[in-house]
Ligand code: PMP
Ligand code: GLU
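In this note's numbering, the protein residues as written are 4 to 397.
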């Protein structure tokens, strides 16, 4: 009998984490790798949040928490949803989980049956397709291109819907394209979806605050979409808290209760100290973390300027998150330093080996023409990395 399940054997390794691990390994061998692969703020968690965690330890928060999170945290999330997104949720509609990643895994596990189709506008975040597949769902890619700023149109959505469509998952601001759906663009998608009340939307808003154009729009803000939407968010990105592992959903009550039940058998409530710290984080004004967003914007402009100076990198202008997603098809079929580049994966590996710069292939995000470069790195690192890339491709 085979040792491992088909489930795990059929699952791809997370390309973002795999590239980060490879970069770490090469660094361990003494190579001077610049890591632009992982989507992780290079800031420390702000002091006011750290202090709340230290206080929680000293106040003896050390027991199991309610599976779906402390009531005070759920109340802080309700306040945040109202304050930042004008969304009204009640306590039983909120579930706190071990990162937004677990929120997504819960939702897939409690909503998908074998053969249910999940629309994934491309490019999509790397883990969506494997989380869907793990739960016997069928990811259905909806291709977009740089010409529409990698956004799906209402017509494309309409054309992709079949009787088997159960859900659509997308992030805005988008990882990896940095694109943001405006309120009008979301409304156009909503106009299609309201005609299909059995299709549910996972609106992944984890980059909500990392927005350089203002005005974040949420799918659930439309009254006629509220009951069809699961709003996913978390503190990893805007609060520089990736390792604390706290994410949350606001969802129709039946779905939230099901996630709570699922989590109760798998992980229980997330870490008690992290939850206490997040109460403080969410009760503060988002302006407390604006300094990080300002710096990300400077870096975005810096990296775009540098990339546009290299022949063969075609970029959109990301409006949020901290990634650029250049189209690099110019290099396909070329031989550089004796290495033939056939696709984005070859190109990303070439950059790792020759420029010592870690990026991620677009294939992992459902777009084989691009690579993803994270600019959650210092300006010096960005300048150095793009200089190295330029030297190895020119
Ligand atoms: N969604 C998107 C779009 C992401 O980029 C990430 C990055 N980690 C996540 C969800 C998961 O975030 P976390 O589990 O750290 O809250
Ligand atoms: N979301 C980040 C990224 O896309 C973190 C890595 C991960 O969770 O996969 O790089």
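Cβ coordinates follow ideal geometry from the N, Cα and C atoms, glycine included.
Would you kindly work out how many angstroms separate the C-alpha atoms of residue 167 and residue 207, rounded to a whole number? 22 Å
Please report the residue range of the alpha helix (DSSP H) in which residue 308 lies. 293–310
Using the Cβ count rule (16 or more neighbours within 10 Å means buried), how would you classify residue 72? buried
Do the region 309–321 and the region 198–205 touch if we need at least three Cβ pairs shorter than 8 Å? By the Cβ rule, the region 309–321 does not count as touching the region 198–205, because fewer than three pairs are nearer than 8 Å.
In chain order, which continuous runs of the beta strand (DSSP E) of length 3 or greater are located wholly inside the region 328–358? Whole beta strand (DSSP E) segments, 3+ residues: 337–339, 342–344.
For residue 41, which of 237, 394, 25 has the nearest alpha-carbon? 25
Give a yes or no on whether the C-beta atoms belonging to residue 46 and residue 295 are separated by under 8 Å. yes
Taking Cβ to Cβ, would you say residue 170 is nearer than 8 Å to residue 244? no
Is it buried or exposed for residue 338, if we count other Cβ within 10 angstroms and need 16 for buried? It is exposed - the Cβ of residue 338 has fewer than 16 other Cβ atoms within 10 Å.
Check this for me: beta carbons of residue 82 and residue 286, under 8 Å apart or not? yes
Tell me which residue opens and which closes the beta strand (DSSP E) that residue 203 is part of. 203–207
Considering only their Cβ atoms, is the gap separating residue 278 from residue 68 smaller than 8 Å? yes
Can you tell which of 366, 321, 386 has the C-alpha that lies nearest to the C-alpha of residue 150? 321
Which listed residue (179, 107, 28, 304) has its alpha carbon closest to that of residue 237: 107
May I ask you to report which of helix, strand or coil DSSP gives residue 251? strand
Name the DSSP beta bridge partners of residue 173, please? 206
Hey, out of 134, 161, 129, whose CA is closest to residue 177's CA? 129
Does the Cβ-Cβ distance between residue 174 and residue 209 come in under 8 Å? yes
Can you pull the DSSP bridge partners for residue 317? 330
Figure out for me which residue from 191, 231, 289, 124 has the closest Cα to the Cα of residue 182. 124
Between residue 104 and residue 248, what straight-line distance do the alpha-carbon atoms span, to the nearest angstrom? The C-alpha of residue 248 is placed about 9 Å away from the C-alpha of residue 104.
Do residue 273 and residue 99 count as a contact pair if the criterion is CB distance below 8 Å? yes
For a quick check, are the C-beta atoms of residue 111 and residue 138 less than 8 Å apart? In this structure, residue 138 lies closer than 8 Å to residue 111 by Cβ.
Comparing the CB of residue 163 with every heavy atom of the ligand PMP, is any distance shorter than 7 Å? No, the Cβ of residue 163 stays beyond 7 Å of every heavy atom of the ligand PMP.
Provide the residue(s) that pair with residue 373 in DSSP beta bridges, ordered along the chain. According to DSSP, which records beta bridges pairwise, residue 373 is partnered with 330.
Does at least one heavy atom of the ligand GLU sit under 7 Å from the Cβ of residue 236? no
Among 54, 140, 179, whose alpha-carbon lies nearest the alpha-carbon of residue 363? 179
So residue 61 is in the beta strand (DSSP E); what residue range does that whole segment cover? Boundaries around residue 61 are those of the alpha helix (DSSP H), 50–61, since no beta strand (DSSP E) includes it.
Using DSSP with H/G/I as helix, E/B as strand and the rest coil, what is residue 144? In this structure, residue 144 counts as strand in the three-state DSSP scheme.
Close Cβ partners of residue 280 (< 6 Å) along its chain, the five nearest in sequence each way excluded: 52, 55, 56
So, is residue 306 buried or exposed, given that buried needs 16 or more other C-beta atoms within 10 angstroms? Residue 306 is buried by the Cβ-count criterion.
Residue range of the beta strand (DSSP E) that includes residue 78: No beta strand (DSSP E) holds residue 78; the alpha helix (DSSP H) holding it covers 74–88.
Extract the residue ranges of the alpha helix (DSSP H) inside the region 214–272, only unbroken runs of 4 or more that lie entirely within it. 256–269
Going by C-alpha distance, which of 308, 301, 365, 302 is nearest residue 414? Any property of residue 414 remains undetermined from this structure, which presents the chain solely from 4 to 397.
Find out if the Cβ-Cβ distance for the pair residue 252, residue 262 is shorter than 8 Å. yes
Considering only C-alpha positions, which residue in the set 11, 77, 354 is nearest to residue 250? 77
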